[in-house]
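Everything on this sheet refers to the single structure shown next.
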Amino acid sequence: MADEKGKEKIRSIDNAAITLIEKAQKENVSTVFFRADELKPCPIGVEESCCKICGMGPCRLPRPKKAGEEKDRAGVCGATIETIVARNFARKIAAGTASHSDHAREVAETFLKTAQDEAQGFAIKDEVKLLEVALDYGIETEGRESREIAIDVGKKALEQFGKQDGELVYIKKAPLKRQEIWRKLGVVPRGIDREVVEMMHRTHMGVDQDYKHLMLQATRTALADGWGGSMISTDLQDIMFGTPVPILGTFNTGVFKEDQVNIVVHGHEPFLPELLVTATHDPEMKALAEKVGAKGINLTGMCCSANEVLMRHGIPCAGNFLQQELALVTGAVELMTVDVQCQMQGLQDVSECYHTKLVTTSDRAKIEGAIHIEFHPENGLDTAKKILRMAIENYPNRRHAVYIPAETQDAVVGFSHETINYLLGGLFRASYKPLNDNIINGRIRGVAGVVGCNNVRTVHDSAHIAMVKELIKNDVIVLTTGCAAMACGKAGLLTPEAARLYAGSGLAEVCEAVGIPPVLHMGACVDNSRILIAATALVKEGGLGDDISDLPAAGAAPEWMSEKALAIGQYFVASGVYTVFGTTWPTLGSEKVTKHLFEEHEELYKGMWAYEPDPIKAAGMMIAHIDKKRKALGLDKARERVLYDMAMRRALD
Ligand code: SF4
Ligand code: MSK
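One point on numbering: in the working numbering, the residue at position 246 of the sequence shown is 1510, and numbering is uninterrupted.
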């Protein structure tokens, strides 16, 4: 489709996505890409200069168009623009934290049912991790059965949500210096639900009206996500489904098979996807597939559900956030399941254009028009088989010519903190020492976490790939999760060969010696908690300072779109990480709030936010920060940033 100037609009750097967007256009199927053309962002809302939390508003307070026309801006109640912008930002953090944490609650409840033998098809798979987590929770393990320990772990995990005072247990996993910073500022979360509820209360009309004070509670809320809900999800999912180890995976929409029953699991909770993996091996299901004329059953994933089953079972990933509707446009998908988060309502309309059955499975999320089959752990395997049967029986109903793009890309995925520890140090001396040594000797310049979503307001995947290539070229090893990880997978950056092709000589040398890619896939959005633990392990190993903020490290979400990303960003900043977001920035309506986040947060947390939509410039900012930290550690010798000229960038693209 052409833009206003008649130029063909570039929507993705992924050829599979491009061809399916064109197919959708030809078939007159509405997707996020076309809806975004028709619906431009509200210029007042985009900078959050608008308050609509009471019936006297909405109060719209745009910035003056010309310099020099600045005047005090306040809503009908007198709320200043600082209060309004901070309140909006804090509410987004509360929503993001609530999302990760409600997922975690579901995990903890299912974990407890599993331990009590009430969950059909689940088991305690990783007993070593069970003991580690029990230790974190202060649970007695000596001479006790795994089942008893697991019941106590499940109960203790659930307590984290309703606690009213004290501290979340995982807070003590952070470096000691970090804990002291949080305690001094009074931002240690007491209980997960409590912080979210208090945030919503304090942002109600006429409550907390001091932007710095609001941001302290926003920080406490975000920490309840990163060092609370998300970490609980990661740990308990690992115990139930297995801690990921490196495994071969395949990315992109080319993973669909024309002559097989194609199913997509989409969303975030790994319960049903895990049991669908089991159900696809059932001989009865295989026979049924044959009976309807299919050569097999092809289970695939989308978004973070994909990450979960990809890194534990090698289930292929059909794409990231902006590809969810496009997957159905292939005409090859018999059934897509969705549970919670990041599933577009537009999926229903697209599914109706083809033969696809869209099935909602969570008791917390329905989509009008979709089939609702609720998943409960008590009869989880039966539900998985029922859904699988429905998919198989839908195979003969394909009514359009199937088009499956050719693009697929193999990758190595599943680098948990435990695996990195083991891979670097070996079984008998598992440690981060080789990584620390290589950072100290300069072969590796630093570490970057590149995470987050796709956003239709940028060219799909372009910012992720440009940023990650720039970082690894400059010897910065990248840890990645979520849809960013999938972008990297599709672009071939999650292979050991990528080190030779794209990394600087120092990083390439280390990757080749250890046999790892220069970009490490660490899982789903909740698994950003793995990055916190990896950063803490680097600190504890020694030689790189005594806090996360001392590390030559930075974080980024160049294509973020969800409120969860803001919660993640705030807990990274509050953990001492310099964090750069792209696409858009939701506090630009207030210079003071933006300055507070971008500058004054450094004084408070030794980490701060930054905003830069150009991914190359953003990578440059991250590298400059890494170099600043290297200098502070006395490691600044012999490091020069590789600057690209246009020809080099074109070659990379
Ligand atoms: Fe307007 Fe104040 Fe009501 Fe917000 S709380 S909508 S600023 S009157
Ligand atoms: S799915 S939150 S679009 S990473 Fe976790 Fe992707 Fe962002 Fe959703």
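Yeah, the Cβ is synthetic: ideal placement off N, Cα and C, and Gly gets one too.
In the DSSP assignment, the alpha helix (DSSP H) including residue i goes from what residue to what residue?
| i | result |
| --- | --- |
| Asp1814 | Taken as a continuous stretch (DSSP letters only), Asp1814 belongs to no alpha helix (DSSP H), as it is neither H nor E. |
| Asn1792 | Asn1792 to Glu1805 |
| Lys1316 | First-last for Lys1316: undefined, no H or E at that position. |
| Lys1733 | Ser1726 to Lys1737 |
| His1865 | His1865 to Tyr1869 |
| Glu1876 | Unbroken run through Glu1876: none, as it is neither H nor E. |
| Ser1769 | Ser1769 to Val1778 |
| Gly1633 | From DSSP, Gly1633 is part of no alpha helix (DSSP H); its letter is neither H nor E. |
| Lys1828 | Glu1827 to Ala1838 |
| Met1549 | Pro1547 to Lys1555 |
So residue i and residue j are in contact, right, with Cβ under 8 Å, and what is the actual spacing, rounded?
| i | j | result |
| --- | --- | --- |
| Thr1374 | Phe1386 | 7 Å |
| Cys1617 | Gln1588 | That belief does not hold up - the Cβ atoms of Cys1617 and Gln1588 are roughly 14 Å apart, past 8 Å. |
| Ala1817 | Val1711 | 4 Å |
| Leu1687 | Tyr1696 | That belief does not hold up - the Cβ atoms of Leu1687 and Tyr1696 are roughly 10 Å apart, past 8 Å. |
| Tyr1869 | Val1837 | 6 Å |
| Leu1440 | Leu1480 | The pair is not a contact, with the Cβ atoms about 21 Å apart (cut-off 8 Å). |
| Ile1357 | Ala1482 | 5 Å |
| Pro1669 | Ile1736 | Rounded, the Cβ-Cβ distance is 26 Å, inconsistent with contact. |
| Ala1648 | Leu1540 | 5 Å |
| Gly1644 | Gly1706 | With a Cβ gap of about 50 Å, Gly1644 and Gly1706 do not count as contacting. |
| Ser1569 | Val1529 | 5 Å |
Express the C-alpha separation of residue j and residue i in angstroms, rounding to a whole number.
| i | j | result |
| --- | --- | --- |
| Gly1455 | Asp1301 | 42 Å |
| Asp1917 | Val1723 | Unreliable positioning characterises Asp1917 in this predicted model, as indicated by a pLDDT of 48, which lies under 50. A coordinate reading is not provided. |
| Val1460 | His1664 | 47 Å |
| Ser1365 | Ala1354 | 16 Å |
| Glu1272 | Glu1286 | 12 Å |
| Ala1414 | Leu1552 | 37 Å |
| Asn1702 | Val1778 | 12 Å |
| Arg1458 | Leu1512 | 41 Å |
| Leu1897 | Leu1808 | 7 Å |
| Ile1282 | Arg1275 | 7 Å |
| Ile1317 | Gly1610 | 27 Å |
| Lys1330 | Pro1822 | 29 Å |
| Cys1314 | Thr1344 | 11 Å |
| Glu1682 | Asp1390 | 12 Å |
| Pro1698 | Gly1583 | 34 Å |
| Arg1764 | Gly1678 | 21 Å |
| Met1600 | Gln1612 | 10 Å |
| Ile1631 | Val1602 | 9 Å |
| Leu1432 | Tyr1401 | 10 Å |
| Thr1361 | Tyr1835 | 10 Å |
| Asp1674 | Gly1753 | 7 Å |
| Arg1327 | Phe1862 | 19 Å |
| Pro1580 | Met1750 | 11 Å |
| Cys1306 | Thr1848 | 12 Å |
| Ala1280 | Val1676 | 20 Å |
| Gly1309 | Asp1416 | 46 Å |
| Arg1484 | Met1464 | 13 Å |
| Val1593 | Val1604 | 22 Å |
Which residue marks the beginning of the beta strand (DSSP E) containing residue i, and which one marks its end?
| i | result |
| --- | --- |
| Thr1564 | Ile1561 to Met1566 |
| Gln1673 | Gln1673 to Val1677 |
| Val1525 | Val1525 to His1530 |
| Thr1744 | Val1740 to Thr1744 |
| Thr1295 | It is not in any beta strand (DSSP E) - Thr1295 carries neither H nor E in the DSSP assignment. |
| Ile1496 | Counting along the chain, Ile1496 falls outside any beta strand (DSSP E), though it belongs to the alpha helix (DSSP H) covering Ser1494 to Phe1505. |
| Leu1512 | Ile1511 to Phe1515 |
| Phe1845 | Tyr1842 to Phe1845 |
| Val1783 | Val1783 to His1785 |
Give a yes or no on whether the minimum CB-CB distance between residue i and chain B is below 9 Å.
| i | result |
| --- | --- |
| Gly1470 | Any reference to chain B falls outside this structure, which holds one protein chain only. |
Contact the stretch 1607 to 1623 vs the stretch 1503 to 1522: 3+ CB pairs below 8 Å: no
Determine, using beta-carbon pairs with one atom in the stretch 1781 to 1790 and one in the stretch 1487 to 1501, whether at least three such pairs fall under 8 Å. yes
Count the C-beta pairs between the stretch 1374 to 1383 and the stretch 1505 to 1514 that are closer than 8 Å, then say yes if the count reaches three, no if not. no
With contact counted as at least three CB pairs below 8 Å, one residue from each stretch, are the stretch 1876 to 1889 and the stretch 1836 to 1846 in contact? yes
Kindly provide the ranges of any alpha helix (DSSP H) runs that are 4 or more residues long and lie completely inside the stretch 1444 to 1484, ordered along the chain. 1456 to 1466
So does the stretch 1310 to 1324 actually touch the stretch 1339 to 1349, counting three or more Cβ pairs closer than 8 Å? yes
Three CB pairs or more closer than 8 Å across the stretch 1391 to 1406 and the stretch 1524 to 1531: no
Continuous alpha helix (DSSP H) assignments of at least 4 residues falling wholly in the stretch 1639 to 1712: 1644 to 1658, 1681 to 1689 and 1697 to 1704
Ignoring anything shorter than 3 residues, give me the beta strand (DSSP E) runs that lie fully in the stretch 1560 to 1626, in order along the chain. 1561 to 1566, 1581 to 1583, 1597 to 1602 and 1621 to 1624
Which complete alpha helix (DSSP H) runs does the stretch 1373 to 1451 hold, if anything under 4 residues is left out? 1391 to 1400, 1410 to 1426 and 1440 to 1449
Are three or more beta carbon pairs between the stretch 1762 to 1775 and the stretch 1725 to 1742 nearer than 8 Å? yes
Determine contact between the stretch 1473 to 1488 and the stretch 1346 to 1353, defined as no fewer than three beta-carbon pairs at a distance below 8 Å. yes
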